[in-house]
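Student: Here the sequence shown is numbered in the working numbering, starting from 16 and rising by one per residue.
Pasting a structure here, questions to come.
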Amino acid sequence: MAIMKDIIQSPLLLALVIGGLLYISAFSLVYLKKAYDHCLELGITRKELSNVIKSSLIFSVVPSLSIVVGLFVLIAVLGSVWAWWRLSVIGSLSYETMISSSIAQVLGYASSAEMLESATGRQFGVVMILMSVGMLSGFLILLPLGKKLCKSVDRSAAENGGSTWKNVLSGVFMLVMFSVYIPILLFTDNVQAAVMITGLVIAIGVGVLAKRPGLAWLNNFVMAFSMLGGLISSLAWVRIFG
């Protein structure tokens with residue numbers, strides 16, 4: 016009987032992930048070409064477009080650092096191939112770690128790391144289905160309703176003289192998301208709570224430093240620094256609470 020480690024290290028899963036990433040890359044390039052051609056039709060010069068593309072590439076490097084850090088964290092939970100797929104396409108580190116921990120507990124394992132060592136192939140199939148199919152609900156709702164919702168929001172904003180309620184709604188939604196994650200981290204495990212608080216302190220510290228003259232560039236590294244600091248601090252917290 017296949018175990019979880021057999022699947023996450025299998026050539027078949029690696030081939031499927033590479034195929035999926037190539038498809039998504041090709042899809043992105045097709046729409047980049049469409050957008051590029053449309054900009055030319057609008058009278059934007061090739062030089063201006065080239066500068067925009069170059070600056071976008073440069074500024075996308077810094078935010079990707081936090082994703083790379085997240086990848087190393089998730090590898091310990093889901094293996095390199097599946098973690099690579101999740102964080103390359105649609106995944107979120109907070110979502111992936113939370114759902115994997117929840118599934119591990121439901122399956123009777125003390126932690127995600129124990130699940131990685133002992134889970135069967137069928138159990139890992141449950142993890143893959145929940146992470147993949149479960150996240151499709153938002154897209155399935157947006158397919159028939161997304162355009163109508165966007166038009167309704169724009170029309171409402173125009174009728175109310177440029178009302179900013181949609182920005183408030185977006186911010187409130189993020190706070191609700193955090194209110195779901197934070198209690199799980201704080202009250203289920205002392206190590207997780209300590210790591211979260213450490214990352215929070217580092218994020219606040221970097222944010223304060225970024226307000227000083229000449230240090231605004233630190234804003235681009237808040238997430239990367241807080242994740243790295245939390246990751247490193249976890250070694251100490253495991254010794255203390257482990």
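Idealized CB from N, CA, C, for every residue including glycine.
Since this is a predicted model, take the numbers as computed values, not measurements.
Quick check on T112: does DSSP put it in helix, strand or coil?
Tutor: Helix, per DSSP.
Student: Are the CB atoms of L102 and L89 within a distance shorter than 8 Å?
Tutor: Cβ atoms of L89 and L102: closer than 8 Å.
Student: Answer yes or no: the CB of M238 versus the heavy atoms of the ligand HEM, is any distance below 7 Å?
Tutor: As presented, the structure is devoid of all ligands, the ligand HEM included, so that no description of it is given.
Student: Could you tell me the distance, in whole angstroms, from the CA atom of A17 to the CA atom of L131?
Tutor: The straight-line gap from Cα to Cα measures roughly 13 Å.
Student: D52 lies in the alpha helix (DSSP H); which residues open and close that run?
Tutor: First-last of the alpha helix (DSSP H) with D52: 26-56.
Student: In chain order, what residues of the same chain lie with their CB nearer than 7 Å to the CB of V96, ignoring the 5 residues before and after it?
Tutor: Here the set comprises I23, L28, L29, V32.
Student: What is the DSSP secondary structure of T60, reduced to helix, strand or coil?
Tutor: Residue state, collapsed to three classes: coil.
Student: If I follow the unbroken alpha helix (DSSP H) through I217, where does it start and stop?
Tutor: 205-225 is the extent of the alpha helix (DSSP H) around I217.
Student: With three or more C-beta pairs closer than 8 Å as the rule, is the region 239-246 touching the region 216-224?
Tutor: Touching, yes, given that three or more Cβ pairs across the two stretches are closer than 8 Å.
Student: With contact counted as at least three CB pairs below 8 Å, one residue from each stretch, are the region 242-256 and the region 201-212 in contact?
Tutor: In short, these stretches touch, since the Cβ pair count reaches three.
Student: According to DSSP, what are the bridge partners of N18?
Tutor: In the sequence under discussion, the amino acid at residue 18 is Ile, which differs from the Asn named in the question. Note: I18 sits in a beta bridge opposite T135.
Student: May I ask which residues mark the beginning and end of the alpha helix (DSSP H) holding A125?
Tutor: First-last for A125: undefined, no H or E at that position.
Student: In terms of alpha-carbon separation, which member of D169, S194, F193 lies closest to N182?
Tutor: Out of D169, S194, F193, D169 has the C-alpha closest to the C-alpha of N182.
Student: Considering just the uninterrupted stretch of the alpha helix (DSSP H) at L246, what are its terminal residues?
Tutor: Looking at the DSSP string, the run of the alpha helix (DSSP H) that includes L246 is 237-256.
Student: In whole angstroms, what separates the C-alpha of L164 from that of L157?
Tutor: Approximately 9 Å, taken between the alpha carbons.
Student: Alpha carbon to alpha carbon, how far is I118 from S126? Give it in angstroms, no decimals.
Tutor: So the two alpha carbons sit approximately 9 Å from each other.
Student: If you compare alpha carbons, which of S25, T203, E111 is closest to L270?
Tutor: Residue 270 is absent from the model: the chain starts at 16 and stops at 257.
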